[in-house]
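Under our numbering, read the sequence shown as residues 1 to 696, first letter to last.
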Amino acid sequence: MHPEVMRDGPGACPICGMALEPRLVQADEEPSAELRDMTRRLRVSAVLTVPLFLLAMAEMWPGNPLAAVLSPRAMVFLQMALATPVVLWGGAPFFARGWASLVSRRLNMFTLIALGTGAAYGYSVAAVLAPGLLPHSFHAPGGTPAVYFEAAAVITTLVLAGQVLELRARHATGGALRALLTLAPRIAHRAGHGRDEDVPLEAVRPGDRLRVRPGEKVPVDGTVVEGTSAVDESMVTGEAIPVEKAAGNRVIGGTLNGGGSFVMTAERVGADTLLAQIVRMVAEAQRTRAPIQRVADAVSAWFVPAVAVAAFVTFAFWATRGPEPPLAYALVNAVAVLIIACPCALGLATPMSIMVATGRGARAGVLVRSAEALETLEKVDTLVVDKTGTLTEGRPRLAVVIPVPGQDEAQLLRLAASLERGSEHPLAAAIVAAAGARGLDLVETTGFRYLTGRGVTGTVEGRAAALGNATLLEELGARPALEGPAEALRREGQTVVFVAVDGRVAGILGVSDPLKDGAAEALRLLREDGVRVLMATGDSEVTARAVARKLQIDDVRAEILPEDKAAVVERLQAAGHVVAVAGDGVNDAPALARADVGIAMGTGTDVAMQSAGITLVKGDLRGVARARRLSRATLANIRQNLFFAFLYNAVGVPVAAGALYPSFGILLSPMIASAAMTLSSLSVIANALRLRRAAL
């Protein structure tokens, strides 16, 4: 539960005493060694505790049937024989963790468990082996000291049961990740000359040609090179409608092929696949701590010492003012206070909800990289969105080539594509693809430079060439030309790219980028949710506003550089807004990192995803609305858990201390206190698991 604690093997957290979580989830992961060990201890302890409990209860029955067979001395020795392996062997992990908490001065729930069961068992052993050493006030009316072996054993067994149930529940929270990992098939069909070869998935390498047959799962990430089909990507993206795939389309490992067959080229394999990255990002998110966890941390810092003081005060009160035998009453009530106040529910309240929520988000195509981002998203009132790749498909197509008089259109495109071949920008891909479709032969470029937010420059066939926006032309001192046609293209929503040769404008290229399906609906949902939407793009003012009109975006910041986007975010934050940024490119990374919540498109660049706290697998902005619903559900769940944990302790500790005794004559048995403590933890776990069914 404490992400700063890392070990090279399983064990207990030195801060809270709970079991450490594995950093990576495996598809065929078995229950943890600790779960197996605790289960074994529970079974043995339960077998010994049941007869011990019945033996202790038999003493209260009228005409105790065992009195004729066993002497009182023999009965307490039998109780000690049954209780000793339960407490000392079954409860050994609790004593070890309790001692570790004292050594590290980080008191936790195991401190209280060790003190409570240790006090009950140690006192009972002393009462059996050396009764004369105990004060007379510890002696029952019959003249012998009372023993509490059954209380120590039952408490230990109940705590073991709680640990087993908790470990099982925590193992179940990784079920969503294990389910994702099992999406990838174990075998891939490597396409060869004349026949296919079945190879283990681990043997697939980038560049391999793989055949995907009807009804099979796609083995790795790659690109279709032959054939067509419809692929169901809902298991990764959450979208139920199959996506048509043909040559040139990308496919995701783990998705389900429909009725067609195709051959693909493997590109990302093993840990580099989208599926593996999803699992890794969610696993990392499950180890992060939400800011709301600070409430529980602050309380836990003084909670255990306060409970120890409360137990001491309870002991002192009953020892001086309690009925006969006063010290026996004092011991029982002090132990009950120690047991019922275990902060297990408090420690589980936030981490359990975060773990379940991140798994639920992964199934809906919303990857949460940090708990802080998930919590903050609920408070966001302003969303800054990039245009290309976020609101639009990010796969631009060259629409028009307009050369200046005297220039050849094909030569202009050939020069521009040769220059852009060294760039990874989506606009560059559109220009190069258009040149390839026209059969133009491209040439090598020397001195290539990428100028972020402005364009590219280089030397093509001995001529100084530049391609980019108006800002780049101004920096190069190129004389303006074709402003009229450029403005007309911008009003149509096209992005205008200027081509300059030897310091003069040689022509313009008009690139169109269709709006993403669902972009308008996503922005409508966000506006209805009270979120202000602002578009920030490096594209021209006219083009940006043309897109904004279609999407009903009122606030537009165009022709800005990457650092300007981050400055826009800073100004909004300075004005008191909680800002989220949605983007997909390298130029969005500074703004994504600066925002209160960065939201990256899963279809974008790796640096964008690394800079963001949340990633939308399919790049669909409707995922932002889903993420906000997940945020609200998670925070509500955490608040419910914390409220219940605080309420439980606020009521339980006074009752265990004997607050009801003066008016109702009711005292809380340490065994009942232990059962209540276990149930409180299980109620928190059960409430957190409800998030697996949250509607997004």
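Cβ atoms here follow ideal geometry from the backbone N, Cα and C, with glycine treated the same way.
These numbers were taken from a predicted model, which means no experiment stands behind them.
CA-to-CA distance, residue j to residue i, given in whole angstroms
{"i": "K565", "j": "A364", "result": "29 Å"}
{"i": "M535", "j": "E541", "result": "11 Å"}
{"i": "A176", "j": "R692", "result": "Here A176 scores only 49 on pLDDT, less than 50, and its place in the model is too uncertain to base an answer on."}
{"i": "W302", "j": "V309", "result": "11 Å"}
{"i": "A627", "j": "A636", "result": "14 Å"}
{"i": "L88", "j": "F644", "result": "32 Å"}
{"i": "D502", "j": "V531", "result": "47 Å"}
{"i": "D588", "j": "D386", "result": "7 Å"}
{"i": "D539", "j": "A558", "result": "6 Å"}
{"i": "V607", "j": "E150", "result": "Legend: pLDDT at V607 = 49, less than 50; position of this residue unreliable, no value from coordinates given."}
{"i": "E324", "j": "V86", "result": "30 Å"}
{"i": "P219", "j": "A230", "result": "15 Å"}
{"i": "R195", "j": "V684", "result": "56 Å"}
{"i": "E492", "j": "V581", "result": "26 Å"}
{"i": "T156", "j": "A686", "result": "22 Å"}
{"i": "R690", "j": "A371", "result": "18 Å"}
{"i": "K245", "j": "T228", "result": "6 Å"}
{"i": "G238", "j": "G436", "result": "For G238, the pLDDT reaches just 42, beneath the cut-off of 50, and the residue's location in the model is therefore unreliable, although a value from the coordinates is still provided. Their backbone Cα atoms lie some 35 Å apart in a straight line."}
{"i": "T471", "j": "I638", "result": "50 Å"}
Residue i burial status per 10 Å Cβ neighbour count (16 or more: buried)
{"i": "T446", "result": "exposed"}
{"i": "T615", "result": "buried"}
{"i": "Q277", "result": "buried"}
{"i": "T320", "result": "exposed"}
{"i": "G700", "result": "Since the first residue of the chain shown is 1 and the last is 696, residue 700 is not available in this structure."}
{"i": "Q286", "result": "At Q286 the pLDDT is 49, less than 50, meaning the model places this residue with poor confidence; the figure from the coordinates comes in the next sentence. Q286 should be labelled buried."}
{"i": "A240", "result": "With a pLDDT of 46 at A240, under the threshold of 50, the predicted position of this residue should be treated as unreliable, and no value is reported."}
{"i": "L54", "result": "exposed"}
{"i": "V443", "result": "exposed"}
{"i": "E487", "result": "exposed"}
{"i": "H193", "result": "exposed"}
{"i": "F110", "result": "buried"}
{"i": "P305", "result": "exposed"}
C-beta atoms of residue i and residue j nearer than 8 Å
{"i": "T388", "j": "D208", "result": "no"}
{"i": "V497", "j": "L525", "result": "no"}
{"i": "V655", "j": "L668", "result": "yes"}
{"i": "S423", "j": "V460", "result": "no"}
{"i": "V511", "j": "T537", "result": "no"}
{"i": "V735", "j": "F262", "result": "In this structure the chain extends from 1 to 696, so residue 735 is not present and cannot be described."}
{"i": "L383", "j": "V568", "result": "no"}
{"i": "A328", "j": "F315", "result": "no"}
{"i": "S353", "j": "N641", "result": "yes"}
{"i": "G222", "j": "A266", "result": "yes"}
{"i": "A96", "j": "Y121", "result": "no"}
{"i": "E375", "j": "S631", "result": "yes"}
{"i": "I113", "j": "V159", "result": "yes"}
{"i": "R414", "j": "L398", "result": "no"}
{"i": "V617", "j": "G598", "result": "no"}
{"i": "V337", "j": "V651", "result": "no"}
Other residues of its chain near residue i: CB distance less than 6 Å, five sequence neighbours each side excluded
{"i": "L256", "result": "K217 and D232"}
{"i": "G259", "result": "P214"}
{"i": "P403", "result": "E409, L412 and G507"}
{"i": "I249", "result": "Checking the displayed sequence, the identity of residue 249 turns out to be Asn instead of Ile. Answer for N249: V224, listed in chain order."}
{"i": "A56", "result": "E150"}
{"i": "A522", "result": "L621 and R622"}
Check: residue i C-beta below 7 Å from any heavy atom of the ligand GTP
{"i": "N257", "result": "The model on display carries no ligand, and the ligand GTP is accordingly not part of it."}
Own chain, CB closer than 7 Å to residue i, minus 5 neighbours either side, in chain order
{"i": "R168", "result": "L35"}
{"i": "A416", "result": "I431, L467, V499 and L509"}
{"i": "L107", "result": "S101, V304 and P305"}
Element boundaries [alpha helix (DSSP H), containing residue i]
{"i": "I560", "result": "Premise fails: I560 is in no alpha helix (DSSP H) and is neither H nor E."}
{"i": "T84", "result": "P72 to T84"}
{"i": "L102", "result": "A92 to S104"}
{"i": "T634", "result": "R622 to A657"}
{"i": "L413", "result": "E409 to E420"}
Delimiting residues of the beta strand (DSSP E) encompassing residue i
{"i": "A403", "result": "Per the sequence shown, residue 403 should be read as Pro rather than Ala. From DSSP, the beta strand (DSSP E) with P403 extends over R397 to P403."}
{"i": "S512", "result": "R504 to S512"}
{"i": "V366", "result": "V366 to V368"}
{"i": "G468", "result": "R463 to G468"}
{"i": "Y148", "result": "Where Y148 is concerned, there is no enclosing beta strand (DSSP E), given that its DSSP letter is neither H nor E."}
{"i": "E378", "result": "No beta strand (DSSP E) holds E378; DSSP gives it neither H nor E."}
{"i": "T390", "result": "That residue, T390, is in no beta strand (DSSP E); it is neither H nor E in DSSP."}
{"i": "T537", "result": "Element bounds for T537: n/a, residue is neither H nor E."}
{"i": "S229", "result": "S229 to D232"}
{"i": "V199", "result": "D196 to P200"}
Same chain, Cβ closer than 8 Å to residue i, five either side skipped, listed in chain order
{"i": "R268", "result": "P206, V220, D221, G222, G253 and L274"}
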